[in-house]
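Numbering (the working numbering), first residue to last: 4 to 262.
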Amino acid sequence: MDSSRPIALLATAGTSNRQPGPGTLATRQRELEAYQEVIRGCRACVEAGYLPAARPVFHGHAGQRVMVVGQAPAQPRSEHPRPYSGASGQTLRSWLAQAGFPPQELETCCYLTSVTKCFPGPSRSGKGDRAPSAAEVALCRRHLERELALVQPAVVITLGRLAARWFLGDRPLSELVGEVFAWPAPWLPPAQEGDARRQDLRGNGAPGEAGVLVLPLPHPSGVNRWHNDPANRKQLARALARLAELRRRLDLEPLAPWG
């Protein structure tokens, strides 16, 4: 979304942007479980010749307050892989801990997914994973769109440039990390004239705009050199401080898992 822009957070503590979307939480959970089976059965990238096999990886349930969106899953290491279970996940947990999220809350508070759902294979250089192509991103777009509509998060944390691009357009991370953006969400009601709380949280004070809050982070992969620049590390610290502020003000506590 090239029109997305940074927004100012409210100065009033205790503010929440909880707004129920269409359908009850239980209904959305049933629909999400059904759609997760659709994702597991998807062979679009295999049939198009981009992947030798499909093995989607994601985790979570409807109503989780935070959605973490990465580039693509890492190589599965078990029969039932979980997102962010390796070294990148440890780094991500460390970052979230700095923002006040205990390590176990990565799975209890956050819906974990990615722009594309399957391991794309190693990069040609042998360092890290291959970045999904634009065609692969397009094939998977409907899956992330449906996850967003059914989970209805208050905050989306993007990891890396590809995930940030999905929401915010093609901008360098140096312009994104440390800021919070309003991303239009079709399930949210439009802000009303005079509703200062909703406007500040969702549309930079512009009536008629509503959105999920998007907080970009760099990718936590060990091969990502973005973290090596001292200026970038300062931006990351600012981003985690913004996330801590969102946690305090938007009531981002974990929900009980579905049985």
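Heads up, the beta-carbon is just placed ideally off N, CA and C, and yes, glycines get one too.
Local conformation of residue i per DSSP, three classes
i	result
V180	coil
Y38	helix
S117	strand
V60	coil
A65	coil
R201	Per-residue confidence for R201 stands at a pLDDT of 36, beneath the threshold of 50, marking its modelled position as unreliable; no derived number is given.
T315	Coverage of the chain is limited to positions 4 through 262, which leaves residue 315 absent and any answer about it impossible.
P187	strand
L255	coil
L99	helix
P221	coil
P233	helix
V71	strand
L216	strand
Sub-7 Å separation of residue i and residue j beta-carbons
i	j	result
Y114	V60	no
L243	W98	yes
R133	Y38	no
L109	R96	yes
A65	L142	no
V118	A166	yes
V71	I160	yes
L218	L246	yes
Below-7 Å beta-carbon distance, residue i vs any chain C residue
i	result
G225	Given the protein chain composition of this structure (a single chain), no chain C is represented.
Supposed close pair residue i, residue j - CB separation, criterion 8 Å
i	j	result
P79	R58	6 Å
L239	V180	6 Å
P76	K120	7 Å
L176	W229	6 Å
P156	V69	6 Å
S136	S224	About 18 Å separates the two Cβ atoms, so there is no contact after all.
Neighbourhood of residue i by C-beta distance below 8 Å, restricted to the same chain and skipping five residues each side
i	result
R168	R174
L256	Note on identity: in this sequence residue 256 is Glu, with Leu being the wrong assignment. So the qualifying residues of the chain are R68, C112.
Own chain partners of residue i with C-beta closer than 6 Å, once the 5 adjacent residues on each side are dropped
i	result
F122	P76, Q78
P23	With a pLDDT of 47 at P23, under the threshold of 50, the modelled position of that residue is not reliable, and the figure given next carries that caveat. No residues qualify anywhere along the chain.
Y53	E139
R31	A65, L153
Same chain, Cβ closer than 7 Å to residue i, five either side skipped, listed in chain order
i	result
G163	G73, Q74, P221, H222
heavy atom of the ligand MN below 6 Å from residue i C-beta
i	result
T116	The ligand MN is not among the ligands present in this structure, which contains no ligands whatsoever.
Open item on the list: Between the segment 33 to 45 and the segment 90 to 107, can you find at least three pairs of beta-carbon atoms closer than 8 Å?
Closed with: no
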